[in-house]
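Everything on this sheet refers to the single structure shown next.
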Amino acid sequence: MNFLSTGFQGDNVIELQQKLNNLHFPCGREDGIFGPATEAAVIAFQKSYNIVHDGVVGPETMISLDMAPDTDIGAAKDNHPVYNALKDIRPEQVSTLFPHAPVRSTVAHFPILKDALMQLQLTDLKSVMVALSAIASVSTSFSVHEETISRFNTSPGGLPFDLYDYRRDLGNEGHPDGERFKSRGFCIFRGRSQYQQLGRMIGIGDELIEQPEQAAKVSMASKILAHLIYDQEKNIKCALLENNLQAAYLYITKKILMGLIVFGMPIEKGC
Numbered sequence: 001m002n003f004l005s006t007g008f009q010g011d012n013v014i015e016l017q018q019k020l021n022n023l024h025f026p027c028g029r030e031d032g033i034f035g036p037a038t039e040a041a042v043i044a045f046q047k048s049y050n051i052v053h054d055g056v057v058g059p060e061t062m063i064s065l066d067m068a069p070d071t072d073i074g075a076a077k078d079n080h081p082v083y084n085a086l087k088d089i090r091p092e093q094v095s096t097l098f099p100h101a102p103v104r105s106t107v108a109h110f111p112i113l114k115d116a117l118m119q120l121q122l123t124d125l126k127s128v129m130v131a132l133s134a135i136a137s138v139s140t141s142f143s144v145h146e147e148t149i150s151r152f153n154t155s156p157g158g159l160p161f162d163l164y165d166y167r168r169d170l171g172n173e174g175h176p177d178g179e180r181f182k183s184r185g186f187c188i189f190r191g192r193s194q195y196q197q198l199g200r201m202i203g204i205g206d207e208l209i210e211q212p213e214q215a216a217k218v219s220m221a222s223k224i225l226a227h228l229i230y231d232q233e234k235n236i237k238c239a240l241l242e243n244n245l246q247a248a249y250l251y252i253t254k255k256i257l258m259g260l261i262v263f264g265m266p267i268e269k270g271c
């Protein structure tokens with residue numbers, strides 16, 4: 001089974017055109033040629049059905065159009081080099097996107113990230129590159145980021161991270177919340193509120209509130225990043241379609257711009 005895009009021809013394209021016309025997404029003649037009119041109709045269908053509107057009849061679009069049994073589509077996806085790119089990506093390949101990272105770091109950490117992405121079926125190339133780009137924006141060594149003391153978080157002669165202690169916008173309630181809920185992990189987040197939100201998102205309740213240092217473990221950092229991408233997958237991919245790296249980055253990092261330039265580098269190399 002082939003997924004369909006511009007340039008494809010044949011009976012499968014005729015079937016696609018028939019379905020689009022029957023669903024009132026007119027694509028013109030049912031001639032078996034996937035041209036601009038068919039692509040425009042596919043995009044209109046995708047927007048209507050809240051699917052990433054890339055004009056490609058991939059697994060989700062094909063299922064929504066009922067073009068084949070779900071099991072057949074799933075099997076085709078599993079064997080596809082783009083929709084299941086993750087299965088063939090090796091740590092050695094990841095190292096090329098992190099030239100300053102020790103090879104031992106990518107060899108040790110990428111399989112853990114890979115497992116977290118696979119748990120949420122984020123196996124397509126764009127999802128993988130988004131995850132790697134998010135990590136690159138906070139850590140060139142492919143290791144877990146942990147916020148350090150700076151003039152923006154610690155007052156002169158003050159306790160570490162005391163400028164965060166009473167930040168209401170972070171949900172902090174006073175000392176030592178600033179230090180306890182500093183930024184950790186594979187993406188940038190901080191504050192009692194975000195720790196609580198992320199803990200509940202990944203299904204561990206208030207465990208991150210009780211033990212915030214857990215966010216600095218590679219397994220936890222990978223799980224958090226994977227869930228953040230999963231939660232905003234459609235928005236992220238639509239932003240990338242428009243080459244809007246800032247919007248894609250903000251969906252993951254919750255409106256913190258640091259690292260945006262670095263975020264774009266792996267995206268551009270891999271996608």
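Oh and the sequence shown: position 270 is 270 in full-length UniProt numbering, straight run, nothing missing.
Positions of the beta carbon are idealized from the N, C-alpha and C atoms, including for glycine.
Every value quoted in this text rests on a predicted model; they were computed, and no experiment measured them.
On the criterion of 16 or more Cβ atoms from any shown chain inside 10 Å, does Ile149 qualify as buried, or is it exposed?
By the 10 Å Cβ count, Ile149 comes out exposed.
Supposed close pair Gly191, Leu170 - CB separation, criterion 8 Å
3 Å
Excluding five sequence neighbours on each side, which residues of the same chain lie with their C-beta closer than 8 Å to the C-beta of Ile209?
Arg192, Tyr195, Gln196, Gly199
Need the endpoints of the alpha helix (DSSP H) that Pro36 sits in, please.
36 to 48
Could you spell out where the alpha helix (DSSP H) holding Asn21 opens and where it closes?
11 to 22
For Leu241, which option in Asp54, Leu16, Val128 has the closest C-alpha, if you only look at C-alpha atoms?
Asp54
By a C-beta neighbour count over all protein chains shown, 10 Å radius and 16 as the cutoff for buried, is Ala248 buried or exposed?
buried
Taking contact to mean at least 3 C-beta pairs separated by less than 8 Å, is the stretch 121 to 128 in contact with the stretch 78 to 91?
Touching, yes, given that three or more Cβ pairs across the two stretches are closer than 8 Å.
Express the C-alpha separation of Asp11 and Lys217 in angstroms, rounding to a whole number.
Roughly 51 Å between the two C-alpha positions.
Return the chain-ordered list of same chain residues with a C-beta closer than 8 Å to the C-beta of Asp70, the five sequence neighbours on each side being excluded.
Ile63
Secondary structure of Val57, DSSP reduced to three states:
strand
Quick one: complete alpha helix (DSSP H) runs, 4+ long, within the stretch 111 to 148?
125 to 136
Tell me which same chain residues have a C-beta within less than 7 Å of the C-beta of Ile261, skipping the five on either side of it?
Bear in mind that the predicted position of Ile261 carries a pLDDT of just 41, short of 50, making it too unreliable to give a figure here.
Which partner residues does Leu4 have in the DSSP bridge list?
For Leu4, the beta-bridge partners assigned by DSSP are Val57.
Could you please give me the residues that DSSP links to Arg151 through a beta bridge?
Answer is none; Arg151 lacks a bridge partner.
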